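In this text, residue positions in the sequence shown follow numbering that gives the first Met the number 0: the first is 0, and each later residue adds one.
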Amino acid sequence: MEIHKMQIEDVVRPEKRRRALTQEERIRRKKRKRKRKLIRMAAIGMTAALSFALIAGVIALVLFVSGGIGRQESIQAVLSEEIRTLKDGKKGKWQDFYAAELAMPAMDVELLTVNEFSRPGIALPEVKNIFIHYTANAGTTALQNRSYFESLAETHERSASAHFIISCDGEVVQCIPTKEIAYAVMKRNYDSISIECCYEREDGQFTDQTYQSLIELTAWLLHKYELVPEDVLRHYDEGGKLCPKYYVENEGAWDKFLVDLSQYMEQAAE
Ligand SMILES: [Zn+2]
């Protein structure tokens, strides 16, 4: 029974045993305590590190996104800069032409009376293009077409006009001052100037005299507004209307007109 008693004592009196811890055991305990402390500190350290990483990540993301927007803006700036340079480059070719003296072509100034239907008297804020038209009325003269525009003030039939009309004999009639808008190209009345051309042939081809006056008048306008031959458009190019008929149906004839215009300008620059 002695063994059994000892066993019971072992179980019910553990305190007594602990008190009897050896030096070695106490050191081991201390070590364990220190280890736990180290683990706790490591856990706190890792949590702090993770939090820091998370915050840094969020800040980096914000900086990246805003940086991205900034980059996009600067790309846009570079692009518009390039377009501007390209345009200036195009114009650069014509600096001598702009600097040259260019006489205003002879013209009959027959301004329309200011009216709602053909000469609204509204200021033209800028000129980006010159539009070329045909009257769609074979065999009529510039003055007859001008009279038609003038009659709209009374008939209210429709809104229509152009700044200039060129007769088949090459005479130029001005209907509207270049500083005012005309009703010629639906969506472009506020940044363009329009020239109507008379014709005799049913296919709409201009006479040589009309063609020559058109080159001289167009060149003078390009000189006045510092534009280039590519800025001369057919009514067709803005909205697809069959105008001027012959130069829509014969692309080559339009290309030749632009070449002839450029050559005239080059000669004027010399
Ligand atoms: Zn037209």
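Even glycine gets a Cβ: it sits at the ideal position worked out from N, Cα and C.
Bear in mind that the values here come from a model prediction, so they are computed numbers and not experimental data.
It is roughly 22 angstroms from the alpha-carbon of Pro243 to the alpha-carbon of Pro176.
The alpha-carbon of Ala122 is positioned some 6 angstroms away from that of Lys178. In this structure, the beta-carbon distance from His234 to Phe163 does not fall below 8 angstroms.
Within the stretch 220-249, the runs of beta strand (DSSP E) that reach at least 3 residues and sit entirely inside it are, in chain order, 231-233. Judged by DSSP in its simplified three-state form, Ser193 adopts strand.
For His162, the shortest separation between its Cβ and any heavy atom of ligand 1 does not lie below 7 angstroms.
According to the DSSP assignment, Phe163 belongs to the beta strand (DSSP E) that extends over 163-165. Not one heavy atom of ligand 1 lies closer than 7 angstroms to the C-beta of His155. Look at Tyr133 here: in three-state DSSP terms it is strand. In this model, Asn188 and Gly56 are separated by some 55 angstroms (Cα to Cα).
In this structure, Cys242 has its CB closer than 7 angstroms to one or more heavy atoms of ligand 1. Annotation: Gln94 is outside any beta strand (DSSP E); the continuous alpha helix (DSSP H) that includes it extends over 94-98.
With fewer than 16 other Cβ atoms from the protein chains shown falling within 10 Å of its own Cβ, Pro124 counts as exposed. With a beta-carbon spacing of about 7 angstroms, Leu111 and Ser160 fall inside the 8 angstroms limit used to define contacts.
In the structure shown, Arg118 adopts extended strand secondary structure according to DSSP, grouped into three states.
Under the DSSP assignment, Gln173 falls outside any alpha helix (DSSP H), being part of the beta strand (DSSP E) whose first and last residues are 171-173. Glu195 is positioned such that its CB atom lies closer than 8 angstroms to that of Thr134.
Nearest Cα to Lys240 within the set Glu201, Ile214, Met185, Gln208: Met185.
Sequence-distant partners of Ser158 (beyond 5 residues in either direction) whose C-beta falls short of 6 angstroms from its own C-beta, in its chain, are Phe116, Tyr182.
By the Cβ neighbour-count rule, Leu213 is buried, with 16 or more other Cβ atoms within 10 Å of its own.
Each residue's CA atom was taken as its position, placing Ser166 and Cys197 some 5 angstroms apart. CA-to-CA, the gap between Leu260 and Met103 works out to about 16 angstroms. In this structure, the CA atom of Asp202 is about 37 angstroms from the CA atom of Leu85. 8 angstroms or more divides the Cβ of Ala268 from the Cβ of Asp87.
Here the distance from the Cβ of His132 to the nearest heavy atom of ligand 1 is below 7 angstroms. Here Gln173 is buried. Its C-beta has 16 or more other C-beta atoms within 10 Å. For His234, the CB falls within less than 7 angstroms of some heavy atom of ligand 1.
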